[in-house]
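In what follows, a single structure is set out as structure tokens and then discussed.
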Amino acid sequence: MLRVSELVNEDASLVSRRCWSDPGVYELEKRGVFGRSWLFLGHESQIRNPGDFVQAYMCETPVILARGEGGRVHASVNSCTHRGLPVCRADHGNTRRFVCPYHNWSYTVEGDLVTIPQESEVRNKPDKSRLGLKRVPRVESWRGLIFGCFDEAVEPLEQYLGDMRFYLDALLDRFPGGIEFMGAPHRWVLDANWKLPVENQLGDVNHGAFLHSAIIPREAQDTIEELGHSVVTRPGHGATFRLMPGDAPVDEVAWGLEGMGGIFGGAEVQDYLRDIQARARERVGDLRARMKGLTYGIYPNLSFLWSNTSFKVSHPRGPGKVEYWSWAVVPAEAPDPIKQILRTNYSSFFGPGGMLEQEDSEAWVQQFRGSNIDFADDRPYFYGLGLGEEGPHPELPGLVSVTANEFYARHFFARWRDDLQAVEGLS
Ligand code: FES
Ligand SMILES: [Fe+2]
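The following block contains the structure:
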């Protein structure tokens, strides 16, 4: 394996193909990135009541996210402390106990070991208080978004998110009751590296009119080039959006109206979306009311697509496989028929068979193949578009530039390189 300093150059304008394909790099990522970062686990709307649980992953480690009897949220590794089987077999549900199928040890939803059926037959009783499920030591939530971290010393979640909160709130706070995750996530596996979807949805809106030329009209891309902003609030965290003129008609700014739900959903849906936009200024302020969001990314592997509201997590399954999880997100207080239409809008574009998702997925699979070929290591990928052209903005937090500037990816890879270097050489 190359040394990490050889994978990404100083200004991150050149990135080795091996970053996506080398098994040694992947092992460093597990410890340097996934072992030390806040990772998205789920949303509070998925586990409203004591005993509610959903499955999650932290890299390849299976995790149960559950609301305990006292109402607190807990995250435990879904692996029995007897022989390692998963103790929770359902994707989501409500329970009092997780019972391992092998020898029926049982655990509370908080992860404490309750019963060992075989112990009545032996004289020395095991100390069950030491045999609970492995806990994720840090679990915190912000605006209902729940994250966990295996590093006890990690900074608080709010600090980790930093100014990304300003941009997330542009959507989350737009709705009086916030948002909810609607139903179970779509999940599918691609022959690609986990960083490919992440990079795409951190800020790559430059491929829209090309890769998606059958769906995204040239005029839409013109608007992105004219009004689009790309922001990096901290390396690895970023957003892209259009900042619409203050006098733009409500139909041009309103979230959701340009999607299929808005176009085909009928008067009820359209009036609902207009009403949300009409009150946006009082809820999120003038600047954020004018934002028409595109893509968001939170380091390392959480993405959010604003226009077809979807949260996505890119779960690694080795250097050459990614299990993609994707949730439809809807305004919590919207009437049910409107939620259904918005969910259909999401799946038409960004579900596993979504029109845009299909094209993106194929691009990621092909890019992974390109990253795994021989005799081309002297041609690292070029990430230098717009190098050094980003800068502060009078109103928007973070570094800001045009969407064609690839600084969002350079900053991601600079942070990623530093994270790998921090564990390189440690056994
Ligand atoms: S492996 Fe879980 S009870 Fe034995
Ligand atoms: Fe795309």
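Residue numbering for the sequence shown follows the numbering used here, starting at 1324 and increasing by one per position. Using N, Cα and C, we set each Cβ at its ideal position, and we do this for glycine too.
beta-carbon Leu-1534 near ligand 2 non-hydrogen atom, thresh 7 Å: yes
Nearest to Gln-1655 (by Cα), restricted to the options Gln-1369, Ser-1553, Phe-1564 and Thr-1404: Strictly speaking, residue 1655 in this sequence is Ala, with Gln absent from that position. Minimum Cα distance to Ala-1655 is reached at Gln-1369.
C-alpha distance - Glu-1522 paired with Leu-1743, whole-angstrom precision: 17 Å
Whole-Å CB distance - Leu-1708 paired with Ala-1727, under 8 Å assumed: 6 Å
Distance CB(Glu-1729)-CB(Tyr-1706) smaller than 8 Å: yes
Residues of its chain near Gly-1467, where Cβ-Cβ distance is below 7 Å and the 5 sequence neighbours each way are ignored: His-1366, Glu-1367, Ser-1368 and Gly-1501
Cβ-heavy atom distance, Leu-1679 to ligand 2, below 7 Å: yes
Test item, CB below 7 Å from any non-hydrogen atom of ligand 1: Cys-1403, His-1405, Arg-1406, Gly-1407, Leu-1408, Val-1410, Cys-1423, Tyr-1425, His-1426, Asn-1427 and Trp-1428
Sequence-distant residues of its chain with Cβ nearer than 6 Å to Arg-1294 (five each side left out): The requested residue 1294 does not occur in the structure, where the chain is confined to residues 1324 to 1750.
Phe-1705 - partner residues in DSSP beta bridges: Leu-1337
Euclidean distance between Cα positions of His-1530 and Leu-1679: 11 Å
Segment contact, 8 Å Cβ cut-off, at least three pairs: the segment 1455-1464 with the segment 1379-1398: yes
Heavy atom of ligand 2 within 7 Å of Gly-1531 beta-carbon: yes
Integer Cβ distance of Gln-1600 from Ala-1577, believed to fall under 8 Å: 4 Å
Supposed contact pair Leu-1364 and Phe-1473 - C-beta distance, whole angstroms, cut 8 Å: With a Cβ gap of about 12 Å, Phe-1473 and Leu-1364 do not count as contacting.
Nearest to Ala-1379 (by Cα), restricted to the options Ala-1699, Lys-1635, Pro-1572 and Phe-1627: Lys-1635
For Ile-1696 and Pro-1658, the rounded distance between their alpha carbons: 51 Å
CA-to-CA distance, Gly-1455 to Glu-1442, given in whole angstroms: 16 Å
C-beta atoms of Asn-1631 and Tyr-1669 nearer than 8 Å: yes
Outcome for Tyr-1731 when other beta-carbon atoms lying within 10 angstroms are tallied against a minimum of 16: buried
Any non-hydrogen atom of ligand 2 within 7 Å of Asn-1516 CB: no
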